[in-house]
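Sequences listed follow chains P and R, in order. The first sequence lines up with residues 2 to 151 when you count with the working numbering. The second sequence lines up with residues 2 to 151 when you count with the working numbering. Each residue gets a CB set at the ideal place from its N, CA and C atoms; glycine is no exception.
Number of protein chains: 2
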Amino acid sequence: MTCYVRTMPTSAAHEAWSLFWRIFVADKPRRLAVMAELGLSFQQAMALMHLEPGEPMTMSTLAAGMHCDNSNVTGIVDRLEAADLARRHPAEHDRRVKTIVLTEKGEALRSEVQRRAGQPPQEIAALSLEDAAALRDILARAVEHAAPLT
Amino acid sequence: MTCYVRTMPTSAAHEAWSLFWRIFVADKPRRLAVMAELGLSFQQAMALMHLEPGEPMTMSTLAAGMHCDNSNVTGIVDRLEAADLARRHPAEHDRRVKTIVLTEKGEALRSEVQRRAGQPPQEIAALSLEDAAALRDILARAVEHAAPLT
DNA sequence: GCAAAGTGCTTGATGTTGTCAATGTTTCTA
DNA sequence: TAGAAACATTGACAACATCAAGCACTTTGC
Numbered sequence: 002m003t004c005y006v007r008t009m010p011t012s013a014a015h016e017a018w019s020l021f022w023r024i025f026v027a028d029k030p031r032r033l034a035v036m037a038e039l040g041l042s043f044q045q046a047m048a049l050m051h052l053e054p055g056e057p058m059t060m061s062t063l064a065a066g067m068h069c070d071n072s073n074v075t076g077i078v079d080r081l082e083a084a085d086l087a088r089r090h091p092a093e094h095d096r097r098v099k100t101i102v103l104t105e106k107g108e109a110l111r112s113e114v115q116r117r118a119g120q121p122p123q124e125i126a127a128l129s130l131e132d133a134a135a136l137r138d139i140l141a142r143a144v145e146h147a148a149p150l151t
Numbered sequence: 002m003t004c005y006v007r008t009m010p011t012s013a014a015h016e017a018w019s020l021f022w023r024i025f026v027a028d029k030p031r032r033l034a035v036m037a038e039l040g041l042s043f044q045q046a047m048a049l050m051h052l053e054p055g056e057p058m059t060m061s062t063l064a065a066g067m068h069c070d071n072s073n074v075t076g077i078v079d080r081l082e083a084a085d086l087a088r089r090h091p092a093e094h095d096r097r098v099k100t101i102v103l104t105e106k107g108e109a110l111r112s113e114v115q116r117r118a119g120q121p122p123q124e125i126a127a128l129s130l131e132d133a134a135a136l137r138d139i140l141a142r143a144v145e146h147a148a149p150l151t
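So this is what it looks like as structure tokens:
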């Protein structure tokens with residue numbers, strides 16, 4: 002049951018989404034620069050962010066979290082391992098499963114990615130304190146609505 | 002003179018940006034589904050959106066708009082041409098330059114992309130009218146601040 | 001004018017994803 | 001225990017990403 006708002010030509014949500022996109026696209030060069038500087042590809046950085054320090058994660062779980070194919074993660078983790086950022090361990094309870102754990106180097110780089118990529122772009126950073134707080138609250142409500150169970 | 006808010010561990014802008022990301026990542030499957038359904042890759046769709054109907058655009062301009070390398074656009078436009086969505090024409094004022102124009106089929110597909118990808122994801126669509134309007138207004142101010150000249 | 005420098009687009013080499021089908025191993029289930 | 005399912009990997013292929021030449025054409029400076 003999808004609910005279309007057919008009466009309005011373009012709703013506020015519509016326009017908001019469009020602006021959302023615009024900010025994301027405009028921020029692309031900054032993202033690329035950060036990744037290049039850290040010597041990571043975008044997906045490698047995403048994988049790093051999904052892997053929490055000290056928390057082993059299954060290949061499948063990581064694939065699901067990154068919304069991509071299982072076979073895809075194999076290659077990404079291969080490269081993380083080659084760069085000594087993560088290691089694979091066979092799971093003891095199920096020998097089909099392999100868990101991934103960040104190395105020390107991986108944890109360090111992860112927090113660097115977090116620090117750098119976590120910085121909001123100009124557009125957001127330049128907002129007034131009131132606007133920024135309001136934006137945060139609205140987005141928090143948005144996320145909560147769509148995913149009551151996280 | 003850049004102004005860091007060092008007193009706060011994580012500012013509102015910071016948190017807002019984090020939520021921003023979260024919504025984008027969560028929306029990835031929908032984007033992929035739309036593109037797959039329309040038989041386009043993500044970059045092809047982006048190119049289509051950059052090309053306005055009846056407005057020829059230079060390869061370089063398109064590359065700049067998409068924030069990617071010139072040589073990259075060559076391949077993307079090759080595929081758009083192969084799919085009869087766009088056509089290259091040599092520019093008359095400068096024979097090095099090639100302009101790209103959407104075909105009829107390209108214009109039709111473009112508006113379909115616009116219609117489908119323009120739909121906000123659950124998170125945004127489920128906001129109250131007040132929140133959606135406030136979100137739109139804040140993002141509009143954000144875009145305006147960062148790019149006063151557009 | 002003309003050589004030199006610069007511009008616009010393309011090509012080629014190489015690496016990282018994306019899809020999808022198939023395989024090997026291990027576990028679950030009937 | 002035989003068959004089905006699950007997990008990770010592999011292989012084949014297409015799409016992009018970067019970067020370094022290359023070619024055709026313009027512009028510049030003498």
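- Cα atoms of Met36 of chain P and Lys106 of chain R: separation of roughly 37 Å, rounded to the nearest angstrom.
- Residue contact check for Pro54 of chain P against chain R: no CB pair falls below 9 Å.
- In this structure, the beta-carbon distance from Asp132 of chain P to Arg142 of chain R falls below 9 Å.
- If you look at Val98 of chain R, you'll find it isn't in any beta strand (DSSP E); DSSP assigns it neither H nor E.
- In this structure, the beta-carbon distance from Leu39 of chain R to Leu81 of chain R does not fall below 9 Å.
- Between Met67 of chain P and Val74 of chain P a beta carbon distance of about 7 Å is seen, short of the 8 Å cut, so the two are scored as contacting.
- For the pair Ala46 of chain P and Ala27 of chain R, the CB atoms are not nearer than the 9 Å cut-off.
- If you draw a straight line from the Cα of Pro121 of chain P to the Cα of Leu130 of chain P, it comes to about 14 Å.
- Going by DSSP, His90 of chain P is part of the beta strand (DSSP E) stretching over 87 to 91.
- In the three-state scheme derived from DSSP, where H, G and I count as helix and E and B as strand, Thr62 of chain P is classed as helix.
- The alpha-carbon separation between Thr104 of chain R and Ala64 of chain R amounts to approximately 19 Å.
- Under the three-state reduction of DSSP, Pro30 of chain R is assigned to helix.
- When 8 Å is used as the limit between beta carbons, Gln123 of chain P is near these residues of chain R: His146, Ala147, in chain order.
- Contact of Lys29 of chain P with chain R is assigned, a C-beta pair being separated by under 9 Å.
- For Thr11 of chain P, the three-state secondary structure derived from DSSP is coil.
- No residue range can be given for Ser42 of chain P, since it is assigned to no alpha helix (DSSP H) and is classified by DSSP as neither H nor E.
- Scanning its chain for C-beta atoms nearer than 8 Å, with the 5 sequence neighbours on each side dropped, one finds around Val114 of chain R the residues Val35, Leu39, Leu41, Ala46, Leu49, Met50, in chain order.
- Taken residue by residue, none of the region 76 to 100 of chain R has a beta-carbon sitting less than 8 Å from a beta-carbon on chain P.
- Residue-level contact check: Gln45 of chain P does not touch chain R, since none of the beta carbons of chain R fall below 9 Å from its beta carbon.
- At least 9 Å separates the CB of Val35 of chain P from every CB of chain R.
- DSSP, reduced to helix, strand and coil, places Met67 of chain R outside both helices and strands of the structure shown, so it counts as coil.
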